[in-house]
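Those sequence lines, one after another, are chains A and B.
Per our numbering, numbering of the first sequence is gapless, rising by one per residue and ending at 131.
Per our numbering, numbering of the second sequence is gapless, rising by one per residue and ending at 192.
Think of the CB as a built atom: it goes at the ideal place given N, C-alpha and C, for glycine as much as any other residue.
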Amino acid sequence: MLDNNMKILVVDDFSTMRRIIKNILREIGYHNVEEAEDGAKALEKLKLTPFDFVVTDWNMPNMPGIELLKEIRKDPELKAIPVLMVTAESQKENVVQAVEAGVNNYIVKPFTATALKERIDLIIEKVRAHE
Amino acid sequence: MSDKDWNAVLTRIRNELSDLAHYVDNARKGIESLETTVKLSTEKFPEASRNLSSITGDLETAANSIITILEGMIGDADKAQRLISELASYNAAIPGDRRARFDALIKELDALNSGGKAATMDMFTFVSFHDLSGQKLKKVMDSLATVETKIAELAQGFGFDEGAAQAKTGVHEHSKVSQDAIDMLLKQKLGQ
């Protein structure tokens, strides 16, 4: 279900970043948002409850975003969930690594509400085209 | 190589190492002086990194307070929006000669409220800088810690050439790219 009612999981170790992303998502029309503070906790939540979309940071303790992404893509139940990487890591090798791991899009912090919306829309458009 | 030449090389390397050590030490002191919670007595980078965590923790607390205020402001703006809409619904009850002025006032109020809300959303973006600052500071500390370790290894083991070269490049260069370049890369890789 990729529409304004989709359930989004925001993963970031900084509580402030989670709140910022949550508020921006709410502002662009996504109200069904939950949070996790690292990749490991996110994976637990994803295995317990169905989510439609994941927005994750890269640098986190326990399990970084790139590992979370790989775990999601490995799991038959989770592998179809679109993942947007939201990170301060703007090195080309990071982007390439994320793409190879199966990221749907990548946005560098800090970002605007418009930039976030554009990337989410792009992902939704592409997923729908493949359905 | 003669003993004389070898001694000259050793002296040069020793001087280079000393310069590097001073550079690292000054960098560390510079970082420490940024915040009083980092004690000047700190001897090692790992310790400074731990102190740095408390700085980023303070930043997070401050940012959380700001976000709470911003969330309140957004809530108020949403409430104001509902009130403006309700006010606008009284349009029909306004006498004809005053209706135009009433509509203009509603529009003006609406524009002010929307502008205020947009500015509040922009503030969210600016607050996120604190997170980036914390992460970048941590990376600087990690890089300096690597340099420090290398210098210590050099000083102890005298494995000069390779070690000194690595120490000089302790902060590794990465090809940082802009969001536009990332979008281009994604377009190539993902066809988006």
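The stretch 66 to 86 of chain B makes contact with the stretch 113 to 122 of chain B; the number of CB pairs closer than 8 angstroms reaches 3 or more. The DSSP assignment places 33 to 36, 53 to 56 and 83 to 87 as complete runs of the beta strand (DSSP E) inside the stretch 16 to 92 of chain A, in order along the chain (cut-off: 3 residues). Separation of the CB atoms of Leu9 (chain A) and Glu44 (chain A) is rounded to 11 angstroms, and the pair is thereby denied contact status at 8 angstroms. Distance check between Phe124 (chain B) and each of B:Leu70, B:Ala88, B:Leu109 and B:Asp97 places B:Leu70 closest, using alpha-carbon atoms only. Using a Cβ-Cβ cut-off of 9 angstroms, Thr146 (chain B) is close to nothing in chain A; its nearest Cβ partner there is about 17 angstroms away. Every alpha helix (DSSP H) of 4 residues or more that sits fully in the stretch 86 to 130 of chain A is shown, in chain order, as 92 to 101 and 113 to 130. Non-local beta-carbon contacts of Ala88 (chain B) in its own chain, meaning distances under 7 angstroms to residues more than five positions away in sequence, involve Ile106 in chain order. About 12 angstroms separates the beta carbons of Glu93 (chain A) and Trp58 (chain A), which is beyond the 8 angstroms limit, so they are not a contact pair. For Val11 (chain A), the beta-bridge partners assigned by DSSP are A:Ala36 and A:Thr56. Linking Ser2 (chain B) to Leu10 (chain B) through their CA atoms gives a straight-line distance of about 12 angstroms.
The CB of Glu27 (chain A) comes closer than 7 angstroms to the CB of Met121 in chain B, given here in chain order.
Nearest Cα to His31 (chain A) within the set A:Gly39, A:Arg19, A:Asp38 and A:Ala40: A:Arg19. Taking a beta-carbon distance threshold of 7 angstroms, Lys189 (chain B) counts as an interface residue toward chain A. No residue range can be given for Met6 (chain A), since it is assigned to no alpha helix (DSSP H) and is classified by DSSP as neither H nor E. One finds Lys92, Val95, Val96, Val99 and Tyr106 in chain A with Cβ atoms closer than 9 angstroms to the Cβ of Leu185 (chain B), taken in chain order. Residues of chain A with a Cβ closer than 7 angstroms to the Cβ of Gln81 (chain B) do not exist, since the nearest Cβ in that chain sits about 13 angstroms away. The stretch 106 to 122 of chain A and the stretch 7 to 27 of chain B do not touch, with fewer than 3 CB-CB distances between them shorter than 8 angstroms. Proximity of Thr112 (chain A) to chain B, defined by a Cβ-Cβ separation below 7 angstroms, is satisfied. In this structure Thr120 (chain B) is buried. Its beta-carbon is surrounded by 16 or more other beta-carbon atoms within 10 angstroms.
Per DSSP, Asn113 (chain B) is one residue of the alpha helix (DSSP H) stretching across Gly96 to Val127.
The shortest CA-to-CA distance from Phe14 (chain A) to any of B:Ala63, B:Lys150 and B:Leu185 is the one to B:Ala63. Proximity of chain A to Glu86 (chain B) at the Cβ level (cut-off 7 angstroms) is not reached, the minimal Cβ distance being about 22 angstroms.
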